[in-house]
Amino acid sequence: MSKSENTLIALKAALERITQGKPKRILPTRKLSVRAVEEEANLGNGSGYYYPDFVAKVKQVKVDINQAKGEYVQPEIQSVRLKLNEQKRIKQNYKEKYLAVREQLANFAAAQHHLNDKLVQALAKIDDLEFENTSLREKVTELKRSKVVPIK
Numbered sequence: 328m329s330k331s332e333n334t335l336i337a338l339k340a341a342l343e344r345i346t347q348g349k350p351k352r353i354l355p356t357r358k359l360s361v362r363a364v365e366e367e368a369n370l371g372n373g374s375g376y377y378y379p380d381f382v383a384k385v386k387q388v389k390v391d392i393n394q395a396k397g398e399y400v401q402p403e404i405q406s407v408r409l410k411l412n413e414q415k416r417i418k419q420n421y422k423e424k425y426l427a428v429r430e431q432l433a434n435f436a437a438a439q440h441h442l443n444d445k446l447v448q449a450l451a452k453i454d455d456l457e458f459e460n461t462s463l464r465e466k467v468t469e470l471k472r473s474k475v476v477p478i479k
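Residue numbers (this note's numbering): 328 to 479.
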């Protein structure tokens, strides 16, 4: 086998690993491109472009992936996306509960403040009434004493 045949075999094997979602040298989340296949095949930059049929095949696989809306995408990515969506849903649920409880706490605090204000007003009114009651008792006592007549 010639060197170009070995290179083409390495490129095809790399493309196959990428489409199966089990690359060895690149991240599974990386977009498909000729450069990604070259890196997966551990070849130099631009070495895939010496094979126009291979470049066309990479482009066709890329179109197929886009038409399949990512069904070629690795199952790991799909499971991670599902977990991420679930975590987002849970987070949103907790956020809504947090905001509801926070609003409830604000309402409780406002009611507590209102009641505290009413209590302060009532205590002030009680003090005023006690003072008035004391002064009226003193006046009644003075009136009763003024009506007292000495016995002769």
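All C-beta atoms, glycine included, are put in the ideal place defined by N, C-alpha and C.
Being a predicted model, the structure only gives us computed values, none of them experimental.
Apply the 10 Å Cβ neighbour rule to residue i and answer buried if 16 or more other Cβ atoms are within range, or exposed otherwise.
i	result
glycine 371	exposed
threonine 334	buried
alanine 427	exposed
glycine 375	buried
glutamate 365	buried
valine 385	buried
valine 361	buried
Cα-Cα, which of the options is closest to residue i?
i	options	result
threonine 356	Glu423, Ile404, Ala341, Ile453	Ile404
valine 382	Asn460, Leu359, Gln448	Leu359
alanine 363	Ile345, Asp444, Asp391, Arg416	Ile345
asparagine 369	Lys339, Tyr425, Pro477	Lys339
What's the gap between the Cα of residue i and the Cα of residue j?
i	j	result
glutamate 483	serine 406	Outside the displayed span of the chain (328 to 479) sits residue 483, for which this structure offers no information.
lysine 474	asparagine 460	21 Å
glutamine 394	phenylalanine 435	55 Å
serine 331	alanine 337	10 Å
alanine 341	leucine 409	27 Å
phenylalanine 458	alanine 437	32 Å
leucine 442	glutamine 448	10 Å
glutamine 387	asparagine 412	30 Å
tyrosine 421	leucine 432	16 Å
leucine 446	glutamine 439	10 Å
lysine 452	aspartate 444	12 Å
glutamate 389	glutamine 414	In the sequence as presented, glutamate is not what sits at residue 389; that position holds lysine. Their Cα atoms are separated by approximately 30 Å.
glutamine 347	isoleucine 392	12 Å
Under 7 Å between C-beta atoms, does residue i make it to chain C?
i	result
aspartate 391	Judged by its chain identifiers, the structure shown contains no chain C, having just a single protein chain.
Whose C-beta lies closer than 7 Å to the C-beta of residue i among residues of the same chain, with five residues either side of it excluded?
i	result
proline 350	Arg344, Glu367
In chain order, what residues of the same chain have a beta carbon less than 8 Å from the beta carbon of residue i, not counting five sequence neighbours either side?
i	result
isoleucine 353	Ile345, Ala363, Glu366, Glu367
Between residue i and the rest of its own chain, which residues show a CB-CB distance below 6 Å, the 5 nearest in sequence each way excluded?
i	result
lysine 418	none
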